[in-house]
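In the numbering used here, the protein residues as written are 1030 to 1430. Have a look at the structure below, then the notes.
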Ligand code: GLA
């Protein structure tokens, strides 16, 4: 019998809502001399995400199938004549010059949002902002999109503008892509803005359409404990390889807009024509596109075993063709299958991060405990493990007294 599930111990950060934490952090960080408490004028929050399947397809015009997590990042803010940021992880308040070069710090994401909101005339003249989260950072669960989408919402409200979910997602995408310089696709910001309680979203990035797919079950997240750093370049490298592959494919398919427009039937031709190092990258995108649409069909039909098999196939494609997995994640997925989960796969960009596990409800706690034990035998530590259900997207928060 394995030890009790290796679930994360409830910390203060996980018990208190991020919106409350942001509000009290605001009160202590921005209290003026003599005043007991500073009060924010607005608060907003946005969720992280777990991608069920559709990895590295969003910047290739393909489909993705993410779920918004029930963990969020919240921002409490008020207008002032300066830009100052406080976060729960640092002692000091940072005063920031929005037009100065980026500092290679988390606050660059906020600077990026402010610059993009200015373009839309939807930024206040300055603001004091406190940020709190119960999302793990660098675990492949889109803490950056939760931050940028929540910031876009809070700051545009401060400026008296009500931006749509689509507009908030676009501001956040542009902040990360063009200002911070991570050449991400649009999946993370889209789910953080449009997330729906009880549903996954099938987002067809080529057509820009979003279809909710009911997702009533619990998902388990097992963190590898290996942090990934997107700005470090692996994602940008893969993106460049995909662009090169697309350029080659266009020599025989001049009208092709995206790699994901190719179908599994085109694979023999792709394998013949592309330079060998690009073949597996293109093969992943093409097969993952097909898998993701089949996964949405399986989910609509309530066929969780079929969905689980597709997750495992997707992980194998990431491991062998996209080369974005790590041994810790491979072990978690193998162990999940061995212990009777429907399926599991590395979620998010990769090169670290977390594995998502889908298991039969009546045995899920036991299964994740057994996976944790296997992991511990190999790495002498338990993976941080927790569960989530599909939650809602960005929202304004009421400010507690
Ligand atoms: C990161 C990016 C996303 C997507 C995934 C891989 O999370 O931000 O846009 O490309 O990697 O699927």
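We put the CB at the ideal spot given by N, CA and C, even for glycine.
Quiz item: Which residues share a DSSP beta bridge with residue 1166?
Solution: Along the chain shown, one-based indexing puts residue 1166 at 137. According to DSSP, which records beta bridges pairwise, residue 1166 is partnered with nothing at all.
Exercise. Could you say if the stretch 1185-1193 and the stretch 1208-1217 meet the contact criterion of at least three C-beta pairs nearer than 8 Å?
Key: Fewer than three pairs of CB atoms, one per stretch, sit closer than 8 Å, so the stretch 1185-1193 makes no contact with the stretch 1208-1217.
Practice problem: Quick one: residues in its chain with C-beta nearer than 8 Å to the C-beta of residue 1126, no 5 flanking neighbours on either side, listed in chain order? | Solution: Residue mapping note: residue 1126 aligns to position 97 of the chain shown, counting from 1. Around residue 1126, the same chain offers 1112 as residues with beta carbons nearer than 8 Å, after the five sequence neighbours per side are excluded.
Self-check item: beta strand (DSSP E) runs contained entirely in the stretch 1232-1277, provided each spans 3 or more residues
Solution: Listed in chain order, the beta strand (DSSP E) elements of length 3 or more contained wholly in the stretch 1232-1277 are 1238-1243 and 1248-1252.
Quiz prompt | Separation of residue 1255 from residue 1359, as counted between CA atoms | solution = Here residue 1359 refers to the residue found at position 330 of the chain shown. Here residue 1255 refers to the residue found at position 226 of the chain shown. CA-CA distance, residue 1359 to residue 1255, rounds to 13 Å.
Quiz item: If we count the other Cβ atoms within 10 Å of its Cβ and call it buried at 16 or more, is residue 1165 buried or exposed?
Solution: Mapped onto the chain shown, residue 1165 falls at position 136. Under this definition residue 1165 is a buried residue.
Practice problem: Report the three-state DSSP secondary structure of residue 1356 (helix, strand or coil). | Solution: Locating residue 1356 in the chain shown gives position 327, where the first residue counts as 1. Collapsing the DSSP output to three states places residue 1356 in a helix.
Self-check item: Per-residue burial, residue 1294 [other beta carbons within 10 Å of its own, 16 or more giving buried]
Solution: Looking up residue 1294 in the chain shown gives position 265. Around the Cβ of residue 1294, a 10 Å sphere holds fewer than 16 other Cβ atoms; the residue is exposed.
Quiz prompt | residue 1061 in three-state terms, based on DSSP | solution = Working through the chain shown from its first residue, we reach residue 1061 at position 32. Three-state DSSP puts residue 1061 in coil, outside helix and strand.
Exercise. Would you kindly work out how many angstroms separate the C-alpha atoms of residue 1089 and residue 1264, rounded to a whole number?
Key: In the chain shown, residue 1089 corresponds to position 60, counting from 1. In the chain shown, residue 1264 corresponds to position 235, counting from 1. Between residue 1089 and residue 1264, the C-alpha separation is close to 13 Å.
Self-check item: Residue from 1342, 1310, 1307 and 1309 with nearest C-alpha to residue 1324
Solution: Position 295 of the chain shown holds residue 1324. It is 1342 whose Cα lies nearest to the Cα of residue 1324.
Exercise. Go ahead and label residue 1213 buried or exposed: buried means 16 or more other beta carbons lie within 10 angstroms of its beta carbon, across all protein chains shown.
Key: As a working mapping, residue 1213 is identified with position 184 in the chain shown. Counting of Cβ neighbours within 10 angstroms places residue 1213 among the buried residues, the total reaching 16 or more.
Quiz item: Under the rule that 16 or more other beta-carbon atoms within 10 Å means buried, what is residue 1368, buried or exposed?
Solution: Locating residue 1368 in the chain shown gives position 339, counting from the first residue. Counting of Cβ neighbours within 10 angstroms places residue 1368 among the buried residues, the total reaching 16 or more.
Exercise. Could you name each continuous beta strand (DSSP E) segment of 3 residues or more that falls completely within the stretch 1353-1403, going from the start of the chain to the end?
Key: List check, beta strand (DSSP E) in window: 1372-1376 and 1383-1387.
Quiz item: In chain order, what residues of the same chain lie with their CB nearer than 6 Å to the CB of residue 1260, ignoring the 5 residues before and after it?
Solution: Translated into positions along the chain shown, residue 1260 becomes position 231. Residue placement at residue 1260 is flagged as unreliable, the pLDDT there being 46, under the threshold of 50; the coordinate-derived value follows with that caveat. Here the set comprises 1211.
Quiz item: With distances taken between CB atoms, is the gap from residue 1161 to residue 1103 smaller than 9 Å?
Solution: Mapped onto the chain shown, residue 1161 falls at position 132. Mapped onto the chain shown, residue 1103 falls at position 74. Contact: yes.
Quiz item: Where do the ends of the alpha helix (DSSP H) carrying residue 984 lie?
Solution: Nothing about residue 984 can be reported from this structure: the residues present for the chain run from 1030 to 1430 only.
Exercise. List the DSSP bridge partners of residue 1123.
Key: Here the question's residue 1123 lines up with position 94 in the chain shown. The partner list for residue 1123 (beta bridge, DSSP) reads 1114.
Practice problem: With a cut-off of 8 Å on the beta carbons, I'd call residue 1097 and residue 1383 a contact; round off their distance for me. | Solution: For the purposes of this step, residue 1097 is taken as the residue at position 68 of the chain shown. For the purposes of this step, residue 1383 is taken as the residue at position 354 of the chain shown. Their Cβ separation, rounded to whole angstroms, is 15 Å, which puts residue 1097 and residue 1383 out of contact at 8 Å.
Exercise. May I ask you to report which of helix, strand or coil DSSP gives residue 1228?
Key: As a working note, residue 1228 is residue 199 in the chain shown. Reduced to three states, the DSSP call for residue 1228 is strand.
Quiz item: Are residue 1396 and residue 1429 touching if we call contact CB-CB under 9 Å?
Solution: Within the chain shown, the letter at position 367 stands for residue 1396. Within the chain shown, the letter at position 400 stands for residue 1429. A distance of 9 Å or more separates the beta carbons of residue 1396 and residue 1429.
Quiz prompt | Any non-hydrogen atom of the ligand GLA closer than 8 Å to residue 1171 Cβ | solution = In the chain shown, counting from the first residue as 1, residue 1171 sits at position 142. Residue 1171: yes, Cβ under 8 Å from the ligand GLA.
Quiz item: Is it true that the stretch 1286-1303 meets the stretch 1239-1247, where meeting means three or more beta-carbon pairs spaced less than 8 Å apart?
Solution: The stretch 1286-1303 vs the stretch 1239-1247: no contact.
Exercise. Can you tell me which of 1175, 1389, 1132 and 1251 puts its alpha carbon nearest to the alpha carbon of residue 1222?
Key: Along the chain shown, one-based indexing puts residue 1222 at 193. Of the candidates 1175, 1389, 1132 and 1251, the one whose C-alpha sits nearest the C-alpha of residue 1222 is 1175.
Quiz item: Residues in its own chain within less than 6 Å of residue 1182 by CB, not counting five upstream and five downstream?
Solution: Position 153 of the chain shown, counting from 1, holds the residue named residue 1182. Take residue 1182, set aside five residues on each side of it, and the residues of its chain with a beta-carbon closer than 6 Å to its own are 1073, 1197 and 1423, in chain order.
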